[in-house]
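This report refers to the structure that appears directly beneath it.
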Amino acid sequence: MVSVPMQSDIYQGVELCHVAGVVINYFRPRWELFLGALHTSLVTGVKFNQTEVNNQIFNVELIFTLDKTIFSHLPKGGCGRNS
1 MVSVPMQSDI
11 YQGVELCHVA
21 GVVINYFRPR
31 WELFLGALHT
41 SLVTGVKFNQ
51 TEVNNQIFNV
61 ELIFTLDKTI
71 FSHLPKGGCG
81 RNS
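With the UniProt record's numbering as the guide, the letters of the sequence shown map in order to residues 1 to 83.
In structure tokens:
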């Protein structure tokens, strides 16, 4: 069994800030696109087009990949141990 050292509260807060950036800038747009396409398919009765959705998701991923946003290493807002 591998033992993982405990992280400090501040380090965990920083980690959460980075995760929040990934969620907002990567996961959220992908899920919004996917769920929007599913919703449209259900409402209109048009067959879900996985290939088209994959192409749109690729474009979202490309934007994220090329994005030069620098995320702070310091907790602020809802991040950190005071949240």
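From the three backbone atoms N, C-alpha and C, an ideal C-beta is built for every residue, glycine too. Only a predicted model underlies this, so the values are computations on that prediction, with no experimental measurement involved.
Going by DSSP, T40 is part of the alpha helix (DSSP H) stretching over R28 to T44. Where N49 is concerned, there is no enclosing alpha helix (DSSP H), because DSSP gives it neither an H nor an E.
CA-CA distance, V19 to D67, rounds to 16 Å. Less than 8 Å divides the Cβ of F71 from the Cβ of G21. The shortest CA-to-CA distance from L38 to any of I63, E52, F58 and V60 is the one to E52. A distance below 6 Å between beta-carbons, with the five flanking residues on each side excluded, links S41 to the following residues of its chain, in chain order: F48.
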